[in-house]
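One structure is given here, and the rest of the page talks about it.
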Amino acid sequence: MIATGINKGSITTAPWSAWPQDGLTFAEAFIAITNIVFAYSFAICQFSFMDEMHTPSDYKKSIWALGLIEIFIYTLTGALIYAFVGQEVQSPALLSAGHTISKVAFGVGLPVIFISGSINTTVVGRYIHGRMYKDSIIRFINTKMGWITWLTLITVITVLAFIIAEAIPFFSELLSISSSLFISGFTFYFPAMMWFMLIREGSPFATHNLWKTALNGLCFVIGMIVLVCGTYASIVEIAHKFKTGAISSPFTCAALA
34 MIATGINKGS
44 ITTAPWSAWP
54 QDGLTFAEAF
64 IAITNIVFAY
74 SFAICQFSFM
84 DEMHTPSDYK
94 KSIWALGLIE
104 IFIYTLTGAL
114 IYAFVGQEVQ
124 SPALLSAGHT
134 ISKVAFGVGL
144 PVIFISGSIN
154 TTVVGRYIHG
164 RMYKDSIIRF
174 INTKMGWITW
184 LTLITVITVL
194 AFIIAEAIPF
204 FSELLSISSS
214 LFISGFTFYF
224 PAMMWFMLIR
234 EGSPFATHNL
244 WKTALNGLCF
254 VIGMIVLVCG
264 TYASIVEIAH
274 KFKTGAISSP
284 FTCAALA
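Just so you know, we're using the numbering used here here: the sequence shown kicks off at 34 and counts up by one.
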């Protein structure tokens, strides 16, 4: 943020606007929406985290704390970078700081990127490992077979993630696909369905359930919109970029913006 502010000299020099740019297509607009959904959604790992806790009910405190802090930091960061860079902001935003500063920023951010990826890798590994040994003592104590299985799982998941990241030569559209196919469910329509089918007490139209019915119904609709429109927008935008040659080759160091 500091580098972009210095490079642009003043916040007034960046061509930013609170309104959509001219000629914006539906696909481009929804790619931006799904990227926002991806950034602010953190529900996909919640079940695994709760399962590891001594008192799962205490996880509500973590949800509130994480949600509020995340919204504040992400909103402030995005707003400042957009104000400094304007409509020329790239994806990922680190590329907007210039060639040299971008390399420095990626170097500084590499540990965080690694930790972020490791969290998801660990969650997937724990789930598979737990399912494989759900009726075995290996699930609860250290054994040679347990460690071999664990290290193999983590290695395979990491290699697959690396191949996907390097073989798919676009960034925003990849986030959009992930957001449309997975985040839409884990954050929006799955929780809504869980309330209607598992948690709800009494009729959905009972007085004490009316606001919950409306809220969960809205979440379900939003999830369906993100799923359908986001998937469509991703396909259209990817096809357009391939047609115009705006996408670099797989397994290169070229910027994905």
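Even glycine gets a Cβ: it sits at the ideal position worked out from N, Cα and C.
Given a cut-off of 9 angstroms on the beta-carbon distance, is the pair residue i and residue j in contact?
i	j	result
N249	P224	yes
I216	L207	no
F82	V156	yes
I181	T154	no
Q123	S50	no
S169	N68	no
L128	G38	no
G111	A126	yes
Q79	I96	yes
S209	E270	yes
I279	A138	For the sequence presented, residue 279 should be read as Ala rather than Ile. Cβ atoms of A279 and A138: not closer than 9 angstroms.
G179	I187	no
F203	K274	yes
E85	R164	no
Taking C-alpha atoms, which residue in the options lies nearest to residue i?
i	options	result
I258	A36, K136 and L214	L214
S74	I102, R159 and W52	I102
F195	S209, F238 and F147	F147
M227	T240, W244, C252 and L260	C252
T108	V70, I271 and E199	V70
F117	S236, M34 and K245	M34
S149	Y92, Y115, W244 and A72	A72
G256	D55, W52, P48 and I66	I66
W183	E199, H162, A198 and V192	H162
Does DSSP classify residue i as helix, strand or coil?
i	result
G235	coil
L113	helix
G131	coil
R168	Strictly speaking, residue 168 in this sequence is Asp, with Arg absent from that position. D168: coil per DSSP, three-state reduction.
Q123	coil
I197	helix
F139	helix
P283	coil
D84	helix
W49	coil
F147	helix
D91	helix
I174	coil
G56	coil
M257	helix
P224	helix
M34	coil
G278	coil
S74	coil
F203	coil
Compare the C-beta of residue i with all C-beta atoms of chain C and state if any pair is closer than 9 angstroms.
i	result
W183	In the structure shown, chain C does not exist; there is a single protein chain.
Measuring CB atoms only, is the segment 175-188 touching the segment 208-228, in the sense that at least three cross pairs come out at less than 8 angstroms? With a cut-off of 8 angstroms, the segment 208-228 and the segment 175-188 do not count as touching, because too few Cβ pairs lie within range.
Touch test, the segment 258-276 against the segment 59-75, Cβ-Cβ under 8 angstroms, three pairs minimum: Touching, yes.
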